[in-house]
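Step one of this worksheet: look at the structure below.
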Amino acid sequence: MQVLTHWLWRMIPGNPMVVRIVSGGSVRMRDLWLRMGYLGALVLIVFFGLMAGEGMGSNVALSDLAASGSSIFQIIAYGQIVLVCLIAPLFMAAAISQEQSAKTYDILLTTPLTNMQIVLGNLIGRLFFILSLLASGLPLFAILLIFGGVRASSVFYAFSIAATTAIFVGSVAVFLSVMRLGGRKAVFTFVISIAAYLLAAYMLDSFIIQRLTPGNYTTYLTPFHPLLVLDTLVRPDNYQIHTPDMLASYGPIARYLLGQPLASFLFLTSLTSLTLITWSALVLRNVGRGDSKLVIYIKSKLRLNPDGAARKRKPRHVTGRNPIAWRESHTRGNALNAILSRYAFLVIGLALAILWLALYHFNSLPTLNTTMTGVNQLPVETFKQGLYILLLMEILIIALVALYMAAGCVSREREDGTLDLLLTTPMTQKQYVWGKLRGLVQFLILLISVPVLTVALVSVYSILGSIFGWQGAIYTHQSTFATTSATRINEAMLMLPESALLLALVLIPFVALCVATGMYWSLKSKGVLGAVIPSVSIIGLVSLVFGFCGFNLALNTPVIFGATFNAFSPTTAALMIINPWDYVSGFPAHPGFSRIFMTISAVIAAAGYFFIVAAMLNAMVKNFDQTVRKLSGTG
87 MQVLTHWLWR
97 MIPGNPMVVR
107 IVSGGSVRMR
117 DLWLRMGYLG
127 ALVLIVFFGL
137 MAGEGMGSNV
147 ALSDLAASGS
157 SIFQIIAYGQ
167 IVLVCLIAPL
177 FMAAAISQEQ
187 SAKTYDILLT
197 TPLTNMQIVL
207 GNLIGRLFFI
217 LSLLASGLPL
227 FAILLIFGGV
237 RASSVFYAFS
247 IAATTAIFVG
257 SVAVFLSVMR
267 LGGRKAVFTF
277 VISIAAYLLA
287 AYMLDSFIIQ
297 RLTPGNYTTY
307 LTPFHPLLVL
317 DTLVRPDNYQ
327 IHTPDMLASY
337 GPIARYLLGQ
347 PLASFLFLTS
357 LTSLTLITWS
367 ALVLRNVGRG
377 DSKLVIYIKS
387 KLRLNPDGAA
397 RKRKPRHVTG
407 RNPIAWRESH
417 TRGNALNAIL
427 SRYAFLVIGL
437 ALAILWLALY
447 HFNSLPTLNT
457 TMTGVNQLPV
467 ETFKQGLYIL
477 LLMEILIIAL
487 VALYMAAGCV
497 SREREDGTLD
507 LLLTTPMTQK
517 QYVWGKLRGL
527 VQFLILLISV
537 PVLTVALVSV
547 YSILGSIFGW
557 QGAIYTHQST
567 FATTSATRIN
577 EAMLMLPESA
587 LLLALVLIPF
597 VALCVATGMY
607 WSLKSKGVLG
617 AVIPSVSIIG
627 LVSLVFGFCG
637 FNLALNTPVI
647 FGATFNAFSP
657 TTAALMIINP
667 WDYVSGFPAH
677 PGFSRIFMTI
687 SAVIAAAGYF
697 FIVAAMLNAM
707 VKNFDQTVRK
717 LSGTG
């Protein structure tokens with residue numbers, strides 16, 4: 087028994103890796119502010135939830151208090167899962183980048199530590215901060231239990247979902263680190279993949295899969311997504327679990343997945359995490375021996391190996407007045423994998439748009455029903471919902487790529503010593519800063535063209551359809567008058583001819599803002615990760631505020647005010663552009679007047695973003711020497 091206890095002690099709490107990571111991270115001010123911010127956000131959610139739900143006052147009924155507690159629990163539970171899914175990759179990113187850049191594993195393999203100690207130490211040491219954040223919210227959940235309306239089992243179920251999700255994310259990060267797949271690109275791909283999966287899978291299940299089947303029941307995607315599993319706990323009336331009688335004709339695996347989504351999720355994530363950790367421990371020392379000759383050859387051909395990236399060609403001729411802009415727009419993404427990624431995004435995006443449009447044209451779209459009434463949607467409504475989901479995913483990917491590239495444009499040059507060389511040239515600060523912006527935006531034009539061409543494709547279809555009499559190009563839109571309940575009928579085009587121009591006016595300046603924000607933090611940060619986190623946070627907050635506020639203003643205020651405010655957020659502006667009949671106030675009554683002001687709104691938003699970007703770049707130019715030269719050469 088003593089031997090087993092000593093083994094467990096050396097494996098987890100007394101593991102030197104755990105002690106090193108926890109003791110080093112506990113004294114960092116970043117972690118302190120993160121914990122304070124997390125708890126402060128939870129406290130504010132509870133306070134404002136009570137205020138909004140009539141949970142505070144002198145004459146508060148117990149039923150009102152229970153209802154407020156239930157609604158607050160739902161908000162906190164969802165927020166907790168989302169925060170864990172976003173914070174865990176950032177915490178675990180160090181397991182990918184730091185161990186790879188510092189070659190820590192090569193040193194650890196020479197110590198008496200076992201493979202399992204190294205792998206578990208790396209995992210548990212970094213998960214400690216995430217799990218401590220979850221545990222710090224338990225007192226607030228205990229207060230909600232006093233209010234009523236929340237079961238104690240639901241609280242622990244929500245915590246178990248968040249904890250297993252964090253462990254799974256950590257296991258994937260450690261696996262990537264052990265397999266020597268680290269680096270800035272691996273961190274970026276890791277974080278983006280998790281965020282894209284959460285958003286895409288949730289929207290796919292909520293907007294398509296559930297509407298293809300009668301009733302709001304769990305699907306095969308539910309046990310593979312933490313937010314969908316949480317839906318079955320906090321919204322059991324709106325997202326129901328199949329009863330045993332309904333699953334009598336199904337196989338044992340299907341009955342388990344559909345009938346017990348929580349248990350399935352916990353089992354699958356735990357089993358996957360255990361498999362990844364075990365495999366990492368088994369192959370740790372074998373991977374440390376280096377790549378095989380085949381892998382080295384492939385990396386050299388794909389330009390993934392610095393040794394294979396040596397120049398074997400004549401120097402290129404620089405065109406244009408700004409060499410920095412030429413360098414950013416022409417030399418980025420020259421590796422084969424980067425070229426394939428860019429053009430794959432273009433081909434896949436346009437192919438999906440053409441396929442979706444073809445299904446609509448031949449009346450072959452899936453029949454969806456609304457979640458409230460169960461009435462089947464019109465094909466045009468299904469088409470526009472699918473088109474918006476496609477545009478939303480493309481815009482998010484473009485924004486994240488722009489933020490990551492800009493956040494590393496200065497930090498990367500500082501790390502590899504290129505910035506020290508540039509500072510010795512006659513190049514001015516203005517040339518450097520503005521050249522970076524122009525070059526990065528030019529490089530991203532190929533990605534930006536995908537959603538713009540998608541909308542242009544539908545606009546061309548609408549124009550040609552109105553000429554040749556295609557049934558789907560023109561549809562009948564019904565709306566009600568503001569003063570009476572009478573019905574207004576309009577003949578509407580599937581997509582306005584100027585929609586592609588409006589989207590370009592909104593999207594290109596927004597991407598420029600993303601680049602400027604990433605450059606600003608890259609200028610002030612020593613590493614890429616230190617610039618990515620605040621850049622994503624700021625752009626996300628700006629999009630969230632302008633999106634929610636602008637969307638509501640566009641629905642309830644005159645077009646000149648609501649559309650202008652909404653145009654500052656491309657995520658909601660895209661919905662306004664592809665379907666102004668339903669999402670722009672007063673558009674059915676005065677379509678011609680509203681179209682003019684929608685164009686003016688897009689121009690105003692573009693001009694506003696231009697002045698913001700110009701102000702940010704001028705501030706960077708003014709403080710360039712003070713900031714860059716102070717950090718240059720510090721790594």
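So in the working numbering, spot 488 of the sequence shown is number 574, and the numbers just go up one at a time.
Don't be surprised by glycine CBs; every beta carbon is placed ideally from N, CA and C.
Nearest residue (CA-CA) to residue i, options the options
i: Lys314; options: Ile167, Asn642, Phe673, Ser611; result: Just to set this straight, residue 314 is Leu in the shown sequence, not Lys. The option with the nearest alpha carbon to Leu314 is Ile167.
i: Val264; options: Ala590, Asn704, Leu206; result: Leu206
i: Leu557; options: Gln160, Val369, Tyr446; result: It is Gln, not Leu, that sits at residue 557 in the sequence shown. That would be Tyr446, whose Cα lies nearest to the Cα of Gln557.
i: Ala484; options: Val527, Leu509, Thr468, Gln517; result: Rather than Ala, the amino acid found at residue 484 in this sequence is Ile. Residue Val527 is the option with its Cα nearest to Ile484.
i: Asn324; options: Leu333, Pro347, Ser292, Pro312; result: Ser292
i: Trp520; options: Ala700, Ile553, Thr511, Glu577; result: Ala700
i: Val618; options: Leu486, Gly123, Ile363; result: Leu486
i: Glu577; options: Leu509, Phe673, Glu499; result: Phe673
i: Tyr303; options: Leu344, Ala334, Pro677, Ile690; result: Leu344
i: Gly235; options: Ser218, Asn201, Ser157; result: Ser157
i: Lys708; options: Phe696, Gln515, Val546; result: Gln515
i: Val601; options: Met706, Leu509, Pro677, Gly678; result: Met706
i: Ile534; options: Gly551, Met491, Ile481; result: Ile481
i: Tyr288; options: Asp117, Arg237, Met479, Ile98; result: Met479
i: Gly616; options: Leu352, Met97, Ala492; result: Ala492
i: Gln203; options: Asp117, Trp93, Leu284; result: Trp93
Beta-carbon gap between residue i and residue j smaller than 9 Å
i: Met702; j: Thr603; result: yes
i: Gly256; j: Ser359; result: yes
i: Ser623; j: Gly494; result: no
i: Ala649; j: Met662; result: yes
i: Gly155; j: Phe233; result: yes
i: Val104; j: Phe215; result: no
i: Val541; j: Ser585; result: yes
i: Tyr306; j: Ala340; result: yes
i: Pro312; j: Thr251; result: yes
i: Ser629; j: Ser655; result: yes
i: Met78; j: Leu523; result: One cannot answer for residue 78 here, as it falls past the ends of the chain, which runs 87 to 721.
i: Val538; j: Ala590; result: yes
i: Ile280; j: Cys171; result: yes
i: Leu476; j: Leu530; result: no
i: Ile107; j: Gly211; result: yes
i: Ala367; j: Asn201; result: yes
i: Val369; j: Tyr164; result: no
i: Lys612; j: Arg500; result: yes
Cβ-Cβ separation, residue j to residue i (assumed contact under 8 Å), whole Å
i: Trp442; j: Leu473; result: 7 Å
i: Val536; j: Leu627; result: 25 Å between Cβ atoms; not a contact.
i: Ala249; j: Leu220; result: 6 Å
i: Leu209; j: Val260; result: 5 Å
i: Val670; j: Tyr561; result: In fact, because the Cβ distance is near 17 Å, the residues do not count as touching under 8 Å.
i: His563; j: Trp412; result: That pair is no contact at about 48 Å.
i: Met581; j: Ser621; result: So it is not a contact: roughly 33 Å between Cβ atoms.
i: Asn652; j: Ala640; result: 4 Å
i: Ser427; j: Gly525; result: Not a contact, Cβ separation roughly 18 Å.
i: Ile410; j: Gln517; result: 6 Å
Residue span of the alpha helix (DSSP H) that contains residue i, given as start and end
i: Ala675; result: That residue, Ala675, is in no alpha helix (DSSP H); it is neither H nor E in DSSP.
i: Glu584; result: Note, Glu584: premise wrong, no alpha helix (DSSP H); not H, not E.
i: Arg512; result: Note on identity: in this sequence residue 512 is Pro, with Arg being the wrong assignment. Per DSSP, Pro512 belongs to no alpha helix (DSSP H) and is neither H nor E.
i: Phe448; result: Taken as a continuous stretch (DSSP letters only), Phe448 belongs to no alpha helix (DSSP H), as it is neither H nor E.
i: Pro465; result: 465–493
i: Tyr336; result: From DSSP, Tyr336 is part of no alpha helix (DSSP H); its letter is neither H nor E.
i: Tyr303; result: No alpha helix (DSSP H) holds Tyr303; DSSP gives it neither H nor E.
i: Met97; result: 88–97
i: Asp317; result: 312–320
i: Tyr669; result: 666–669
i: Pro452; result: Pro452 -> no alpha helix (DSSP H), and no H or E assigned at all.
i: Phe254; result: 238–264
i: Ser222; result: 201–222
CB contact below 9 Å: residue i versus chain B
i: Leu451; result: Annotation note: the requested chain B is absent from the structure, which comprises a single protein chain.
### Task
Mind the definition here: the region 595–615 touches the region 669–686 only if three or more C-beta pairs lie below 8 Å; say whether that holds.
The count of Cβ pairs closer than 8 Å, one atom from the region 595–615 and one from the region 669–686, stays below three, leaving the stretches out of contact.
### At least three beta-carbon pairs within less than 8 Å, the region 191–204 to the region 229–249
With the cut-off at 8 Å, the region 191–204 and the region 229–249 do not touch.
### Task
May I ask you to verify whether the region 224–238 touches the region 323–338, counting CB pairs closer than 8 Å and requiring at least 3?
No, the region 224–238 does not touch the region 323–338.
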